[in-house]
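This report refers to the structure that appears directly beneath it.
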Amino acid sequence: MSDILKASRVPPEQLRKWIDASRFAWESTDELAPLEAIIGQDRAVGAIGFGVDIDSEGYNIFAVGPPGSGRTTAVRQFLTRRAGERPQPDEWCYVHNFQDPRRPNALSLAPGRSGVLRDGMEEVIEQLEQEIPRTFEGEFYEQRRREILLDFQERQQELLHQLEEYLNERDFALIRGQMGLAIAPVVDGQVLSAEEYEQLDPEQKRVFESHRPQLQEQYDKTMRETRELDRERRRSIENLKTEMAGFVADQVMEEIMDTFSDNPGVSEYLKAVRDDIVQHADDFMPGEEKDPQAILMQRMGATPSTRTRYTVNALSSDCEDVCAPIVIEDNPTYHNLVGRIEHRTQFGAMFTDFTQIRAGALHRANGGYLVAEAKNVLSNPLAWDALKRALRNRRIKMEEMSQFYGLLATVTLEPEPIPLDIKVVLIGDERLYQLLYALDEDFRELFKVKAEFALRADLDDGLADSYARFIGDLCRRESLPAFGPDAAARVIEEASRYADDQEKVTVRMAQVADLIREAAYWARQSDHESVKAEDVRKAIDERMTRQEAAAERYRESIAQGSIFIDTQGDVVGQINGLSIIQAGNFAFGIPSRVTARTFMGRSGIASIDREVKMSGPIHDKGQLILSSYLASHFAQDQALTLSASLTFEQLYSGVEGDSASSTELYALLSSLAEVAIKQNLAVTGSVNQLGQVQPIGGVNAKIEGFYDVCRETGLTGDQGVLIPKANLRNLMLRDDVVEAVREGKFHIHAVSRVEEGIELLTGVPAGERDENGEYPKGTIYAKARAKLQEYAAKLKKNSKEQEVTNHLADEQAGGSDQAKGEAD
């Protein structure tokens, strides 16, 4: 075994991080105090705290993080704590506008008082429905009414008596008939009929007729006074009703007016209610004749009924806790945000009134916090614009959605806008935040606080204790068996594996919580009183079994020979690369055969995958770096004369990323130097122009993917994977892989430069230039340079031969032309 092979091998102790359960000074997670902090999100929590506490306009919060990072949970927990420190906000209700019913008035009340006002008005109406009829049917009212009627009757009789005296003095009489009052002449004490009057002699008629103008004038005057008396009587009766209704209303409403005397808005409203009650006292009388048109309009819903006019529509429900509200809106549609005005159908038409106004999330969260998913707000028509408009104007204006489209064809309302005091927390990912920030100027002005949730946190003693308390909290909350120290340590190890880092753990706690639940399930299946490390391992293995169907099919294709992968032998220009396949929430590594062919020419390195547009820009960049690397080593004293092709064999989908750039470089060098590459090794790692092997992602899945293939085809003891040395801290391999390495059945090699990797793969040193710029004979680079020089020499020779051939052809063509001229 070569020295470099031994030196590059990674010992089993470095292949994963083990958590010592003895670090925990407890026997069960039941002993642990609840977790108050949010694990690993100090930066995000600080940003949320800043956004919540600052009172300046526009400091709403956008919580950034991928799904499962605990964004919503963290926001809810933090806001719950802060909400308890803030007072409960005022409540709002809508009431009838007696001057303009289409524009209901909004009233602000102290916490818990909107229900008092609503119930108080219900009680007032019930009492009025009893007291007003009782008052108007009572003896006192009837006596006063009779007195008014008798007084006016006496005054009317006096007027008629005076008229009769005036007529009698002029030989006329006042006759009362079915058609009313009439004037008739009197002769010898007898009232003449029309026939008798016609039989009078002309002189008598002339005398009677001469009195007619004065008589008619006096009659008309008396009738006018009589009608005025009648109007005065009705006014007196109405004044009596007003007086009595006002007296009843004052008595009934005295308590509620005293209760809300400290609220000017409510006091003004109650005074308007009192005046309207007095004005419409007849509406409280059963059987009272009313305007048929008014009755029809009330029945149709076009005008509010008596009870409806005095109803209080409380938008805010009474809060049991004295705290600021927290509203998490899962479906932030336009109406769910700003509220809606409902309509009812009456006789085929749509009608509404202020009692049909329904609160939205902004009303419920007013004075507190509103939390919503940004993508849900943006995906609902008009919701985003409505939210921005409310935040910008600092008020909630309720409008029908159909008004924006010009489709409104029913009677609707224009409720008075309500002042808005709120902190909005939108939750989304980084891409959505960047798009909004770049394209929406309002977003930059309204959401000035970015709370970025981390995916990983440093693993130290404090964080390990927090993880254990998180486990304890979940077990208590969901009635799961408690975890022992070894089980908690195993969960933390898996959290470090989720993070692909020995020094960090994931803080996507939803993923960790699922592992805790599944481990608790298997503990119960095994009749364990508490969860043990073996239960956690069982949960991990069972989850892998459920998810790796696609990986098994791929390995089966290799074992059957459908996919060509060699795990033994040596081949020139062929190497095992490693890539990641994402199948839902499960990622697994697979080996891919990469081949390179080099030949004489000047076209440079051609990627077959790039030529057919199956590669992405990052992969293409990696291949261009290969050309730069080769030129820096072999084109210092002559041009790089080379044609080469590279491809991922049996690749039927796209390829992206530069993690295979070192793999492709090794294949090129093998083809140029004509030195075989060991097929028992697989390679991953990107390369830069300086030949340094750079770290890549998914190192654990890639190693495990090649290990699984080797296990299926048979472990030989010399198989392994080359990884960048910079990825050593990312190693969190499965237990079976670590055990195979410990037993010498599989190996992990860490390299930092291309020269180390090519020597491991071929067993031949790469070579290093001497002071003359030459590579040692027999090295990879010496052989590659020799091959390039050979290509250059052959191309040069071919070029000269082609020049001679072309020259001779030109001379022959010229001689033929001269001979033809002489002949002519």
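Here the sequence shown is numbered in the numbering used here, starting from 3 and rising by one per residue. Here a beta-carbon is modelled for each residue, glycine too, at the ideal position from N, C-alpha and C. The structure displayed is predicted, hence computed values, not measured ones.
Helix, strand or coil at Leu671 according to DSSP, with G and I counted as helix:
helix
Give the C-beta separation of Arg73 and Glu93 to the nearest angstrom, bearing in mind that I take them to be a contact with Cβ-Cβ under 8 Å.
Rounded, the Cβ-Cβ distance is 30 Å, inconsistent with contact.
Could you give the distance in angstroms between the alpha-carbon of Gly722 and the alpha-carbon of Leu683?
5 Å
Measure the alpha-carbon distance for Phe174 versus Pro135 and round it to whole angstroms.
About 48 Å.
Separation of Arg105 from Glu401, as counted between CA atoms:
12 Å
Lys450 and Tyr61: beta carbons closer than 8 Å?
Yes, they are a contact pair.
contact_flag[the stretch 621-629, the stretch 711-731] where n(CB pairs < 8 Å) is 3 or more:
no
Arg25: which of Lys680, Asp488, Ala512, Val695 sits nearest, CA to CA?
Asp488
Does any residue of chain D have a CB that is nearer than 8 Å to the CB of Asp738?
Structure shown: chain D not included; a single protein chain is present.
Contact between the stretch 419-430 and the stretch 359-375 is defined here as three or more beta-carbon pairs at a separation below 8 Å; is this criterion met?
The stretch 419-430 is in contact with the stretch 359-375.
Only counting runs of 4 or more residues, tell me where the alpha helix (DSSP H) segments fall wholly within the stretch 560-599, in order along the chain.
none
If I'm right that Thr569 touches Leu790 with Cβ under 8 Å, what's the distance once you round it to whole angstroms?
Leu790 and Thr569 do not touch by the CB rule: their CB atoms are close to 31 Å apart, not below 8 Å.
When you compare each of Lys798, Thr764, Glu432, Ile50 to Pro68 by their alpha carbons, which one comes out closest?
Glu432
My guess is that Ile185 and Leu169 are in contact by the Cβ rule of under 8 Å, so how many angstroms apart are they, rounded?
Contact between Ile185 and Leu169 is confirmed by a C-beta separation of about 6 Å, below the 8 Å threshold.
Please classify Val614 as buried or exposed, where buried requires at least 16 neighbouring CB atoms within 10 angstroms.
exposed
Taking three-plus beta-carbon pairs below 8 Å as touching, is the stretch 227-235 in contact with the stretch 150-165?
yes
Considering only C-alpha positions, which residue in the set Tyr793, Arg237, Glu531 is nearest to Ser30?
The option with the nearest alpha carbon to Ser30 is Glu531.
Gly53: first and last residue of the uninterrupted beta strand (DSSP E) it sits in:
Taken as a continuous stretch (DSSP letters only), Gly53 belongs to no beta strand (DSSP E), being part of the alpha helix (DSSP H) at 44-55.
Quick one: complete beta strand (DSSP E) runs, 3+ long, within the stretch 732-775?
749-753
Hey, could you find the ends of the beta strand (DSSP E) Arg2 is sitting in?
In the structure as shown, the chain starts at 3 and stops at 826, and residue 2 therefore has no counterpart that could be examined.
Could you name the residues of the same chain whose beta carbon sits closer than 8 Å to that of Met3, not counting the 5 residues immediately before and after it, in chain order?
With a pLDDT of only 48 at Met3, under the threshold of 50, the placement of this residue in the model should not be trusted, and no figure is reported.
8 Å contact criterion, which Leu653 and Ala598 should meet: CB distance rounded:
So it is not a contact: roughly 15 Å between Cβ atoms.
Where Leu384 and Lys273 are concerned, what is the direct C-alpha to C-alpha distance, given to the nearest angstrom?
The straight-line gap from Cα to Cα measures roughly 39 Å.
Might you give, ordered along the chain, the residues of its own chain that have their beta carbon closer than 8 Å to the beta carbon of Tyr271, omitting 5 neighbours on each side?
Val97, Asn107, Leu109
In terms of alpha-carbon separation, which member of Arg88, Pro266, Ala788, Glu245 lies closest to Ala637?
For the set Arg88, Pro266, Ala788, Glu245, the Cα lying nearest the Cα of Ala637 is the one of Ala788.
Quick check on the DSSP output: the beta strand (DSSP E) that includes Thr310 runs from which residue to which?
Segment 308-311 is the alpha helix (DSSP H) holding Thr310; no beta strand (DSSP E) there.
Which stretch, first to last residue, makes up the beta strand (DSSP E) that contains Asp460?
458-460
With a CB to CB cut of under 7 Å and the five nearest residues on each side skipped, what residues in its chain are close to Ala585?
These residues qualify, in order along the chain: Ala552.
The stretch 683-700 in contact with the stretch 604-612 per 3-pair CB rule at 8 Å
Pairwise C-beta distances place the stretch 683-700 out of contact with the stretch 604-612, as fewer than three of them are shorter than 8 Å.
Using alpha carbons as the reference points, say which of Asp737, Phe445, Met546, Val743 lies closest to Asn587.
Met546
Helix, strand or coil at Val614 according to DSSP, with G and I counted as helix:
coil
Residue burial classification, Val54 (beta-carbon count within 10 angstroms, cutoff 16)
buried
From what residue to what residue does the beta strand (DSSP E) around Pro135 run?
That residue, Pro135, is in no beta strand (DSSP E); its alpha helix (DSSP H) goes 115-138.
Once you ignore the five residues that flank Pro13 on each side, which residues in its own chain have a CB closer than 6 Å to its CB?
None.
Please state if the CB of Pro419 and the CB of Lys399 are separated by a distance shorter than 8 Å.
yes
Contact between the stretch 444-461 and the stretch 120-140: three or more CB pairs below 8 Å?
no
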